[in-house]
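Peer 1: All you need for my numbering is the position in the sequence shown, starting with 1, plus 20. The following block contains the structure, expressed as structure tokens.
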Amino acid sequence: MQEEPRQKVPAVKRIVNAFVPPDKWKVPVIVLLGIFAGLGVYVFFISNAVSYLSDNPETCVNCHVMNPQYATWQKSSHGRVATCNDCHVPHDNFARKYFFKASDGLRHATIFTFRLEPQVITIKEAGAGVVQENCIRCHYFRVQMVYARNITYKDYLKGEGPVCWSCHRETPHGRVRGLASAPYARVPNLSPAVPEWLRTTVPEKDKSK
21 MQEEPRQKVP AVKRIVNAFV PPDKWKVPVI VLLGIFAGLG VYVFFISNAV SYLSDNPETC
81 VNCHVMNPQY ATWQKSSHGR VATCNDCHVP HDNFARKYFF KASDGLRHAT IFTFRLEPQV
141 ITIKEAGAGV VQENCIRCHY FRVQMVYARN ITYKDYLKGE GPVCWSCHRE TPHGRVRGLA
201 SAPYARVPNL SPAVPEWLRT TVPEKDKSK
């Protein structure tokens with residue numbers, strides 16, 4: 021007796037079936053997925069993640085270690101005419117801008133989460149290249165007659181010319197660098213990360229004692 025040919029399972033269905041757990045594991049898997057989803061939403065909320073899509077400089081002080089950078093920018097001449105993203109994010113096209121924001125933001129978040137901040141925050145090579153581009157972009161009409169307007173950061177690394185901050189070294193963050201370089205600066209107060217229900221549950225210590 022001839023066997024009937026087996027029906028071929030569509031590729032998409034095979035892929036879906038590969039991720040479906042056995043019946044005895046379905047409930048634990050659903051519970052774990054719910055826990056991870058809840059934690060993800062909570063972290064998204066307390067990190068104020070939506071703010072990173074904006075150009076508001078206050079976003080940069082979501083991490084306390086950036087207080088000196090915020091304070092020195094605020095008191096500089098750039099504080100009245102430029103935001104952090106005007107200098108530190110590429111503006112040549114939409115895709116590059118948001119890819120750079122996402123990759124740089126992920127690196128910053130990882131460093132802050134695992135407490136890996138250096139005592140002196142220095143810009144990375146990719147960021148320095150973007151800053152050089154934006155110096156020329158904003159000041160183009162002032163630097164048309166200056167040789168440096170044709171210099172990229174890669175050229176500078178090859179020793180083929182200066183970058184803008186080779187001369188303008190204190191623009192806009194000043195001379196002193198470090199986590200404690202602006203201890204008395206006034207910066208925006210961050211909203212507390214502790215949820216409201218926990219703050220109301222745990223009583224504050226009596227300050228009169």
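Cβ coordinates follow ideal geometry from the N, Cα and C atoms, glycine included.
Under the assumption that D124 contacts G147 (Cβ atoms under 8 Å), give the Cβ distance between them as a whole number of angstroms.
Peer 2: At roughly 7 Å, the Cβ-Cβ gap stays under 8 Å, so D124 and G147 are in contact.
Peer 1: What does a CB cutoff of less than 7 Å around N87 pick up in its chain, not counting 5 residues either side in sequence?
Peer 2: Cβ within range, chain order: V81, A202, A205 and V207.
Peer 1: Would you be able to state if there are at least three C-beta pairs under 8 Å between the stretch 96-116 and the stretch 187-202?
Peer 2: Flag = yes, the stretch 187-202 and the stretch 96-116 touch.
Peer 1: Just to confirm, is the Cβ distance from F120 to V109 under 7 Å?
Peer 2: Contact flag set, yes.
Peer 1: If distances are taken between C-alpha atoms only, which option among L199, I66, P41 and C104 comes closest to V140?
Peer 2: Looking at the Cα atoms, L199 is the closest of the given residues.
Peer 1: Could you have a look at H111 and say whether DSSP puts it in helix, strand or coil?
Peer 2: DSSP places H111 in coil when its eight states are reduced to three.
Peer 1: Report the rounded CA-to-CA distance for Y72 versus Y173, giving the unit in angstroms.
Peer 2: In a straight line, the C-alpha of Y72 is about 26 Å away from that of Y173.
Peer 1: Tell me the DSSP secondary structure of H5 in three-state form.
Peer 2: Summary: the structure shown does not reach residue 5, with the chain confined to residues 21 through 229, and so no result is reported for it.
Peer 1: In angstroms, rounded to a whole number, what distance separates the CA positions of V36 and F132?
Peer 2: Approximately 37 Å between the Cα atoms of the pair.
Peer 1: Can you name, in chain order, every residue of its own chain whose Cβ lies under 8 Å from the Cβ of L177, other than the five neighbours on each side?
Peer 2: So the list reads E145, once near-sequence residues are dropped.
Peer 1: Go ahead and pull the three-state DSSP assignment for K227.
Peer 2: Here K227 scores only 48 on pLDDT, less than 50, and its place in the model should not be relied on; the value that follows carries that caveat. Coil, per DSSP.
Peer 1: Look at the alpha carbon of V166 and the alpha carbon of F134, and state the distance between them as a whole number of angstroms.
Peer 2: Whole-angstrom Cα-Cα distance: 43 Å.
Peer 1: When we look at the beta-carbon of Y62 and count the other beta-carbons within 10 Å, is it buried (16 or more) or exposed?
Peer 2: Per the 10 Å Cβ criterion, exposed.
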